[in-house]
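Peer 1: What follows is a structure written as structure tokens; I'll ask about it next.
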Amino acid sequence: MAKALLGHVGGPDPRMVSEMRRLQQRIRDLEAELIRLQAQNDALVAENRDDAFTRLQEREPALT
-9 MAKALLGHVG GPDPRMVSEM RRLQQRIRDL EAELIRLQAQ NDALVAENRD
41 DAFTRLQERE PALT
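In the working numbering, the protein residues as written are -9 to 54.
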């Protein structure tokens, strides 16, 4: 019964091990891309914030 549940005898299936490694590498790649994109987004937000601040300083004062 245990053999039927496991589907094999004699250790892990090499195809399953290979697929597991491939998926783990894909996860690492996606995590690295996520970190890169977050850093890029942070830089764009900071740049936009600086541009908006500069535009506010360049505005002429309102007439009173």
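Heads up, the beta-carbon is just placed ideally off N, CA and C, and yes, glycines get one too. None of these values were measured; they are calculated from a predicted model.
1. Roughly how many whole angstroms lie between the Cα atoms of V35 and I17?
2. Suppose you measure from the CA of N31 to the CA of D19; what does that come to, to the nearest Å?
3. By the three-class DSSP mapping on this structure, what secondary structure does D40 have?
4. Are any of the Cβ atoms in chain C nearer than 8 angstroms to that of A36?
Peer 2: This is what the structure holds:
1. Those two C-alpha atoms are separated by around 27 angstroms.
2. Roughly 18 angstroms separates the two Cα atoms.
3. In the three-state reduction of the DSSP assignment, D40 falls in the helix class, which pools H, G and I.
4. No chain C is part of this structure, which consists of one protein chain only.
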